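Have a look at the structure below, then the notes.
Numbering (this note's numbering), first residue to last: 11 to 627.
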């Protein structure tokens with residue numbers, strides 16, 4: 011009997027040894043797959059001192075001889091099948107997982123964005139002694155930026171009109187700063203030059219009479235191509251004191267999904283909303299909606315001076331779950347409509363990384379929803395946060411279609427700028443559907459190129475169409491745009507780069523009497539009052555004198571430096587003789603008073619980009 015018992019122990023010991031080798035093999039596969047895992051029983055994990063009592067009982071209590079022989083034969087077949095699968099790198103099918111049940115009893119969920127193997131094993135937390143806190147985690151970058159096709163030079167005799175919608179967004183600048191701060195150059199398509207230029211304040215005069223904004227123009231020699239000219243067009247929105255703003259109906263829509271758990275996401279959102287909380291007035295109403303796996307109301311409409319109640323609702327937010335962005339937007343709009351203020355500012359303020367993956371998630375569906383709500387008088391402001399999975403394309407489009415603005419918040423200082431310093435402009439629109447159309451005089455201008463605004467260009471006939479959506483201007487906001495001009499008579503490489511058109515057979519271009527005047531162009535603007543459906547036309551011929559670059563204003567010189575910096579970051583083929591040193595020289599001499607330090611920071615970022623670029627050459 012002792013001989014039989016010893017033989018059984020010997021045979022079972024061999025089986026355990028084989029299982030141990032299988033376990034080691036699958037741990038190796040786990041290193042390759044890096045995903046789904048299951049926990050092994052504690053008695054077979056590397057580092058265990060001895061088998062558990064359960065397995066000790068099995069070893070000392072042999073089964074009847076016929077059962078034992080059948081089991082040995084079955085296990086031998088299973089081991090052979092397992093080893094054959096291990097040799098070719100295949101995981102056992104679900105139907106055969108019972109074969110390994112002796113040392114695997116639990117599976118865990120694999121990380122998102124990576125397919126899990128059918129079967130894998132990791133030690134249980136209670137038994138492992140390896141410190142993995144310092145081991146790097148796999149990083150998945152799913153940031154998304156829309157492809158930008160830069161505007162080309164256009165011949166005036168072929169197309170004398172240029173039409174575009176204004177844009178007061180600033181997200182591209184703070185997002186660019188995030189990349190440079192992390193010692194990386196931003197992707198070219200993350201650089202929307204108009205958003206870099208519009209990040210800064212310029213010394214434009216306040217509007218006169220009943221105009222919601224003033225119009226400012228200036229023309230000087232182009233820094234990166236002295237044979238060309240630069241035309242600056244600047245709009246200055248009317249400043250309105252906070253106490254004179256109409257009552258606000260604000261619904262904060264906060265993404266609290268698992269992707270928002272990083273310190274530069276939900277915690278930064280909470281800090282920003284806490285700063286804004288102090289700016290609200292008793293006549294304002296604020297609500298708070300959150301969404302993760304589902305959407306819910308955290309704070310019903312509450313008076314703006316109920317500071318402690320609002321702050322308590324903000325502080326209780328925690329991140330976790332999937333991202334039902336569509337459901338959250340729908341609920342926020344429903345709440346805004348339910349508490350609509352007929353003569354007030356009704357707005358949803360979305361704070362997210364843009365990574366929607368549950369519910370209404372396609373851009374088309376979201377855009378149609380937001381377009382319908384803007385017609386009801388409820389606008390949308392979008393605040394972007396975070397990195398790694400940041401969905402810039404989606405959020406920019408949502409803000410554009412929602413009659414709102416789009417900002418990226420990378421630190422608490424930026425949160426204060428957007429939600430406190432620019433509170434009036436961010437939350438109150440003074441003119442909507444603002445369009446510009448410039449008609450160039452071929453007597454003076456041969457070709458032109460709009461710098462930036464690639465996704466804001468309109469057809470010439472859209473200018474007269476009041477149904478065509480365009481950009482909005484908030485109280486105190488500014489808009490700056492540049493055209494690069496090639497004067498008539500100037501031979502330029504752009505002529506060789508541009509294909510020519512066949513001559514017209516049935517008509518010719520005839521110049522009017524005004525073509526021989528001093529007018530270089532006529533600037534037309536259309537805009538609507540916030541609650542109007544019919545636009546107002548404003549036309550202004552431009553005859554300003556061409557200035558040497560060193561005589562241009564601080565406004566012009568600094569904005570030109572920012573534009574040139576954007577061309578360098580985009581590696582634009584239109585950058586000509588542009589370089590970082592020239593950008594620095596222009597920015598330093600036009601820094602001005604700089605009360606908030608934004609221009610000084612720009613100079614530091616240019617130096618940083620120059621340094622990073624030098625390491626890649």
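Positions of the beta carbon are idealized from the N, C-alpha and C atoms, including for glycine.
This structure is a prediction, so every number in the text was calculated from the model and none was measured.
Quick one: grab the DSSP three-state call for residue 563.
Here residue 563 sits in coil by DSSP.
Range covered by the beta strand (DSSP E) that runs through residue 443:
439-450
Mind checking which residues open and close the beta strand (DSSP E) that includes residue 253?
It is not in any beta strand (DSSP E) - residue 253 carries neither H nor E in the DSSP assignment.
Beta strand (DSSP E) segment containing residue 321, residue limits
Note, residue 321: premise wrong, no beta strand (DSSP E); alpha helix (DSSP H) at 317-325.
Quick check on residue 55: does DSSP put it in helix, strand or coil?
Its pLDDT being 36, under 50, residue 55 is placed unreliably in this model, and the value from its coordinates should be taken loosely. Residue 55: coil per DSSP, three-state reduction.
Start and end of the alpha helix (DSSP H) containing residue 356?
That residue, residue 356, is in no alpha helix (DSSP H); its beta strand (DSSP E) goes 355-362.
Give the straight-line distance between the Cα atoms of residue 281 and residue 424, rounded to the nearest whole angstrom.
11 angstroms
Per-residue burial, residue 512 [other beta carbons within 10 Å of its own, 16 or more giving buried]:
Result: exposed.
Quick check: the Cα distance between residue 278 and residue 284, rounded to an integer number of angstroms?
10 angstroms
Whole-Å CB distance - residue 449 paired with residue 532, under 8 angstroms assumed
5 angstroms
Residue range of the unbroken alpha helix (DSSP H) whose run includes residue 277
276-287
For residue 209, is the classification buried or exposed, using 16 other Cβ atoms within 10 angstroms of its Cβ as the cut-off for buried?
buried
Quick test of your reading: residue 440 and residue 540, contact by CB under 8 angstroms. State the CB separation rounded to the nearest angstrom.
7 angstroms
Note down, in chain order, each residue of its chain lying with its Cβ closer than 8 angstroms to the Cβ of residue 404, except the 5 sequence neighbours on either side.
So the list reads 154, 364, 366, 373, 376, once near-sequence residues are dropped.
In whole angstroms, what separates the C-alpha of residue 613 from that of residue 594?
In this model, residue 613 and residue 594 are separated by some 6 angstroms (Cα to Cα).
Nearest by alpha-carbon distance to residue 535: which of 577, 515, 476, 580 is it?
476
Threshold first: 3 residues or longer. Then list the beta strand (DSSP E) segments lying entirely within the region 410-440, N to C.
416-418
Please report the residue range of the alpha helix (DSSP H) in which residue 481 lies.
In the DSSP assignment, residue 481 falls outside any alpha helix (DSSP H) and lies within the beta strand (DSSP E) extending over 481-484.
Is residue 603 near the ligand FMN, going by C-beta to nearest heavy atom under 6 angstroms?
In the structure on display, the ligand FMN does not appear, and there are no ligands present to speak of.
If we call anything under 7 angstroms between Cβ atoms a contact, is residue 263 one with residue 296?
no
When burial is assigned at 16 or more other CB atoms within 10 Å of the CB, is residue 467 buried or exposed?
Per the 10 Å Cβ criterion, exposed.
Would you call the CB atoms of residue 430 and residue 417 closer than 7 angstroms?
no
Mapping DSSP to helix, strand and coil, what is residue 549?
strand
Sequence-distant residues of the same chain with beta carbon closer than 6 angstroms to residue 487, five excluded per side:
178, 247, 435
Whole beta strand (DSSP E) runs in the region 200-275 with 3 or more residues, listed along the chain?
223-231, 239-247, 258-265
Determine the burial state of residue 456: buried for a count of at least 16 other Cβ atoms within 10 Å of its Cβ, exposed for fewer.
With a 10 Å radius around the Cβ and a threshold of 16 neighbouring Cβ atoms, residue 456 comes out buried.
When the Cα atoms are used, what is the spatial distance from residue 347 to residue 380?
Inter-residue distance for residue 347 and residue 380 is about 13 angstroms (C-alpha atoms, whole angstroms).
Would you identify the three-state DSSP class for residue 615, choosing helix, strand or coil?
Residue 615 carries a helical assignment under DSSP once its states are collapsed to helix, strand and coil.
Answer yes or no: do residue 590 and residue 620 have a C-beta to C-beta separation smaller than 7 angstroms?
yes
In angstroms with no decimal places, state the Cα-to-Cα distance between residue 273 and residue 422.
If you draw a straight line from the Cα of residue 273 to the Cα of residue 422, it is about 11 angstroms long.
Buried versus exposed call for residue 288 [16 or more other C-beta atoms within 10 Å across all chains shown]:
exposed
DSSP-derived helix/strand/coil call for residue 624:
helix
If you compare alpha carbons, which of 159, 167, 163, 157 is closest to residue 517?
Closest option to residue 517, Cα to Cα, is 167.
7 angstroms CB neighbourhood of residue 320 in its chain, flanking five on each side removed
Closer than 7 angstroms at the Cβ level, and outside the excluded window around residue 320, lie 287, 296, 309, 312.
Shortest alpha-carbon distance to residue 410 belongs to which of 159, 391, 583?
Nearest neighbour of residue 410 by Cα position, chosen from 159, 391, 583, turns out to be 391.
So what's residue 490 in DSSP terms, helix, strand or just coil?
strand
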